[in-house]
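Q: In this note's numbering, the protein residues as written are 709 to 901.
Glycine included, every Cβ here is placed at the ideal spot set by N, Cα and C.
Since the model is a prediction, treat every value here as computed from it, not as a measurement.
Put into structure tokens, the structure is as follows:
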């Protein structure tokens, strides 16, 4: 029947699109080894990414709250990789916020700070999204783990973010509450210490 044939073609097309996404993510991940490390201003990177994605978030009725601590010390890193970390983490937050029922607060909060004691620059990215179940929280950085539906995600975004942060000798942690949101805390050593 023609309807079954069309349905089969649609399934094949969706699967192909998913394969393309996975391949692109794997290629991006493999490029991480060719990183160019130099001293960077994390505020500039965050400002560039939030500037690019801010308009799109506004169109989706998501409030983007950005608070950058002035005069942050530099970190040693690769510009493109750290931009990818910020972009992917905000994209995850956007997905979570868009899954909230109507009437719930729709906000993504991004902030930077300097932690003098351990000499770290901290980047926090939080949202008022649907949150992550506690049993899934420990798995979110594993490759191919996803809570998203078919065709919504590959399960590579956060594992790539995790790998990039590790390559930068940093740490990433997540805390979440179902129905209230998630916060990612990324710490990078000052000056590559």
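(1) Under the DSSP definition of a beta bridge, which residues are partnered with residue 778?
(2) Taking only the alpha-carbon atoms, compute the straight-line gap between residue 887 and residue 845 and give it to the nearest angstrom.
(3) In whole angstroms, what is the alpha-carbon distance linking residue 892 and residue 878?
(4) Taking the CB atoms as reference points, tell me whether residue 873 and residue 896 lie closer together than 9 angstroms.
(5) Alpha carbons only, please: which of 885, 781, 713 is nearest the one belonging to residue 842?
(6) Smallest Cα separation from residue 823: which of 745, 815, 894, 720?
(7) What does a CB cutoff of less than 7 angstroms around residue 758 pick up in its chain, not counting 5 residues either side in sequence?
(8) Over the uninterrupted alpha helix (DSSP H) stretch that includes residue 764, give me the two end residues.
(9) When we look at the beta-carbon of residue 834 and count the other beta-carbons within 10 Å, is it buried (16 or more) or exposed?
(10) Whose C-beta lies closer than 7 angstroms to the C-beta of residue 787 among residues of the same chain, with five residues either side of it excluded?
(11) According to the neighbour-count rule (16 or more other Cβ atoms, all chains shown, within 10 Å of its Cβ), is residue 859 buried or exposed?
(12) Under a Cβ-count criterion, where at least 16 other Cβ atoms within 10 Å of its own Cβ denotes burial, should residue 760 be classed as buried or exposed?
(13) Less than 9 angstroms separating the beta-carbons of residue 899 and residue 784?
(14) Skipping 5 residues on each side, what residues in its chain have a beta carbon closer than 8 angstroms to that of residue 778?
(15) How big is the Cα-Cα spacing for residue 837 and residue 709?
(16) Distance check for residue 812 and residue 821, CA to CA, integer angstroms please.
(17) How should residue 717 be labelled, buried or exposed, when 16 other C-beta atoms within 10 angstroms of its C-beta is the threshold for buried?
(18) Identify, in the order they occur along the chain, each residue of the same chain with its Cβ nearer than 6 angstroms to the Cβ of residue 876, setting aside the five sequence neighbours on each side.
(19) Just to confirm, are residue 808 and residue 802 a CB contact at a threshold of 9 angstroms?
(20) Report the three-state DSSP secondary structure of residue 810 (helix, strand or coil).
A: The answer reads as follows:
(1) Answer is none; residue 778 lacks a bridge partner.
(2) About 14 angstroms.
(3) 13 angstroms
(4) For residue 873 and residue 896, yes; Cβs fall inside 9 angstroms.
(5) Per the Cα distances, 885.
(6) 894
(7) 772, 774, 818
(8) Taken as a continuous stretch (DSSP letters only), the alpha helix (DSSP H) holding residue 764 covers 750-767.
(9) buried
(10) Within its own chain, the residues whose Cβ lies closer than 7 angstroms to the Cβ of residue 787, once the five positions on either side in sequence are excluded, are 748, 753, listed in chain order.
(11) Note on residue 859: pLDDT 46, under 50, position unreliable in the model; no value is reported.
(12) exposed
(13) Closer than 9 angstroms, so yes.
(14) The answer, listed in chain order, is 751.
(15) 42 angstroms
(16) 28 angstroms
(17) With fewer than 16 other Cβ atoms within 10 Å, it is exposed.
(18) 785, 896
(19) no
(20) coil
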